[in-house]
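*Asks:* For the sequence shown, the positions run 920 to 1014 when our numbering is used.
Note that the Cβ used here is the ideal one computed from N, Cα and C, for glycine as well.
Below you'll find the structure I mean.
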Amino acid sequence: MLNEDQIKTNTSSELLERIEKTINKIRPYIQADGGDVQLVDYKDGIVTVRMFGACAGCMALDVTLTQGIQAILMDEIPEVKEVKVDESQPQSYGW
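Spelled out as structure tokens, the structure:
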């Protein structure tokens, strides 16, 4: 029988897999514009992603994030409440 920590770990692992799978469905569209997206973390309903290439520093990043990535994740995964960009690491601008 699983203890409480194992249940949380299994749930977190399964949820992260679902988030990653959904992001992988979105990635080809972002890559077609010269960018990329990577899942960094999920905690308390907030998905953190890292943007690369043409997406990093793009003026349309907010639109891509909220109307694209966040909208699709929230639609497919009810646990997701928000998507944020991880700005802790320097990103390649792809210029």
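Straight-line CA distance for Asp939 to Leu992?
*Replies:* Residue identity differs from the one stated: residue 939 is Glu in this sequence, not Asp. In a straight line, the C-alpha of Glu939 is about 10 Å away from that of Leu992.
*Asks:* From which residue to which residue does the alpha helix (DSSP H) around Asp994 run?
*Replies:* Per DSSP, Asp994 belongs to the alpha helix (DSSP H) from Ala990 to Glu995.
*Asks:* How big is the Cα-Cα spacing for Val968 and Ala979?
*Replies:* Whole-angstrom Cα-Cα distance: 16 Å.
*Asks:* Which two residues bound the contiguous beta strand (DSSP E) that contains Thr967?
*Replies:* Segment Ile965 to Gly972, the beta strand (DSSP E) holding Thr967.
*Asks:* Can you tell me whether Ile926 is buried or exposed, with buried defined as 16 or more other CB within 10 angstroms of its CB?
*Replies:* Because Ile926 sits at a pLDDT of 36, beneath the cut-off of 50, its placement in the model cannot be relied upon, and the point is left open.
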